[in-house]
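Data first, discussion second: the structure below is written as structure tokens.
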Amino acid sequence: MPTDLPGHDDSWQDVWNRITANVGLGFLNLPSNVDVNDLIWLHTTTAFQRNGVWWTEFNASFFHGNSGNHPSKLVAEIARLIGITEDDKETREIVAKRAKLFLRKTIIGRKLNVQIENGKVVALPGSGSSGISAKELPIPFVTAPKGGDIVKLCGILPANSKYGPVETDMTVADPEGWAVISDIDDTIKVTDTLSMRSLLVHTFAEEPTPTPGFPDFYKYLDRVLDKPAWFYISASPYNLYPFLLSFIKANYPFGQPILRDMSWMSVAGLMASVSTGTQEYKTMEIRKLIGQWLPKRKYICIGDSTQTDPETYAEMYKAFPEAIKVIWIRVVTGVDEAEEKKKNSAERFKKAFKDVPKEVWKTFHDVSELGGNTTTTTTTTTTTTTTTTTTTTTTTTTTTTTTTIATTGIPPPATIHLNVFLSYLQMPSMIMKGGRNHFI
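Numbers in the working numbering are just positions in the sequence shown, counted from 1, shifted up by 546.
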């Protein structure tokens with residue numbers, strides 16, 4: 547929990563705004579068709595097999611498109627908290643744009659028909675109390691897809707809709723192979739969740755910044771694990787879905803963002819979302835991924851020390867010891883020394899990972915500790931130029947930097963040579979029991 551979190555919750559006005567946003571059929575939770583003024587987000591998803599049939603969880607968020615256009619109050623609050631001056635127009639414009647993600651009023655009871663790329667249509671149920679329609683449904687493929695395919699999904703809108711088109715991508719995941727479950731904030735993205743001010747700066751006032759080294763490392767994992775299924779899980783509210791999806795697409799292997807089913811209209815609400823009940827939320831989502839969607843896959847879980855990732859992944863390992871092969875925890879420093887002293891202590895990790903084999907989990911400060919090393923190769927080229935009076939020899943030195951990342955922490959252990967590890971990946975019939983068996 548951030549030490550500088552304000553001591554107040556959403557005001558009664560915030561609560562009342564969310565209630566009155568849904569007056570009408572939505573207030574009675576009766577389904578209604580999409581309106582021309584609706585703003586709809588169709589979320590990225592993953593197709594999985596269940597009893598030989600392809601399924602996915604469709605998710606769509608519904609907002610009143612003409613709401614949230616005057617974020618001046620929230621902008622003023624954020625500007626005060628992080629110290630943006632009145633004359634800093636550029637930063638205030640960025641804050642205003644991001645603030646709109648939190649101020650649009652959600653709609654209860656909206657229905658959406660979604661067209662699969664091949665022309666078939668799926669009807670989603672009416673949206674719930676947070677404005678989200680979420681439902682696992684079979685996918686009416688005409689032709690069976692292949693693992694790794696990206697299938698386009700398109701929401702069917704009224705002809706004169708003001709906020710179209712509504713599209714997203716669905717990744718097709720075969721039952722077997724690898725999967726990576728990665729936290730977002732302070733794992734792959736610099737957020738500084740231990741400080742309210744820094745969190746607000748990174749969320750509202752700056753372009754998102756990848757954690758150093760992580761984009762290259764994740765791309766490497768994507769290659770050596772032969773296109774695993776990627777899941778990016780965060781306790782952030784789904785208001786940030788467009789912001790975080792754009793960040794992931796720009797920096798990391800394509801995958802499914804999983805955000806909290808909450809919509810907040812205040813700074814206190816945002817802070818509560820990323821710091822309260824995160825373990826319960828994440829374990830619920832991970833149980834679904836491993837236990838229901840892709841139970842035959844092998845999993846790598848990557849997180850950080852700022853919230854409850856160690857406890858979450860340890861709990862999930864105990865529930866699925868055959869599935870989870872590796873847990874990596876990034877130790878975050880330089881934000882709040884007092885909080886970090888507790889969160890980064892050896893006692894905390896020892897307690898969190900009690901009964902989890904030591905070879906399964908690893909803490910690290912820099913991604914290079916997971917086996918990355920940089921070697922420099924120097925190539926010298928000599929060119930001789932001859933004239934009638936002189937001979938000139940020019941030497942040009944070219945430096946090439948090659949980064950090799952050994953997959954420390956993924957069984958087999960760190961001492962294994964990379965080509966042996968690659969051989970291991972090609973042996974799907976070998977069953978590893980909870981990461982205890984290794985190939986040396």
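The beta carbon of each residue, even a glycine, is placed where N, CA and C say it ideally should be. In this text the structure is predicted, and so the values were computed from the model without any measurement.
LEU658 is classed as buried because its beta carbon has at least 16 other beta carbons within 10 Å across all chains shown. Contact between the region 719-739 and the region 597-611 is not established, with fewer than three Cβ pairs separated by less than 8 Å. The residue from THR852, VAL747, GLY701, ALA796 with its alpha-carbon nearest to that of ALA781 is THR852.
Nearest C-alpha to LYS844 among THR714, GLY677, LYS773, ALA690: LYS773. One thing to note: VAL872 has its Cβ within 9 Å of the Cβ of CYS847. Counting the other Cβ atoms within 10 Å of the Cβ of LEU576 gives fewer than 16, which makes it exposed. The residue among GLY694, CYS700, LEU699, LYS708 with its C-alpha nearest the C-alpha of THR717 is GLY694. The Cβ-Cβ distance between PRO788 and LEU647 falls below 9 Å. Here the alpha carbons of THR591 and LYS692 stand approximately 16 Å from one another. Taking 9 Å as the cut-off, the beta carbon of LEU767 is found no closer than this to the beta carbon of PRO803. If the five residues before and after LYS666 are omitted, its C-beta is found closer than 7 Å to the C-beta atoms of PRO686, VAL688, all from its own chain and listed in chain order. DSSP links SER578 through a beta bridge to ARG656. If you compare the alpha carbons of GLU713, ASN706, ALA725 with that of VAL697, the shortest gap goes to GLU713.
For THR824, the closest C-alpha among the options VAL813, LEU805, LEU840, ILE836 is that of LEU805. ILE640: member of the alpha helix (DSSP H) spanning 635-649, first to last residue. Contact annotation: ILE662 and ASN605 have beta-carbon atoms that are not nearer than 9 Å.
In terms of Cβ geometry, PHE895 and PRO867 do not form a close pair [threshold 9 Å]. For the pair ILE836 and MET808, the CB atoms are not nearer than the 9 Å cut-off. The region 743-757 and the region 897-905 do not touch, with fewer than 3 CB-CB distances between them shorter than 8 Å. ARG769 and TRP907 have their C-alpha atoms some 22 Å from each other.
Contact between GLY759 and VAL913 holds: CB atoms are separated by about 4 Å, below the 8 Å threshold.
Under the three-state reduction of DSSP output, ILE630 falls in the coil class, being neither helix nor strand.
Contact between TRP874 and LEU916 is confirmed by a C-beta separation of about 6 Å, below the 8 Å threshold. In the DSSP annotation of this structure, ASN605 is not part of any alpha helix (DSSP H); the continuous beta strand (DSSP E) holding it starts and ends at 599-610.
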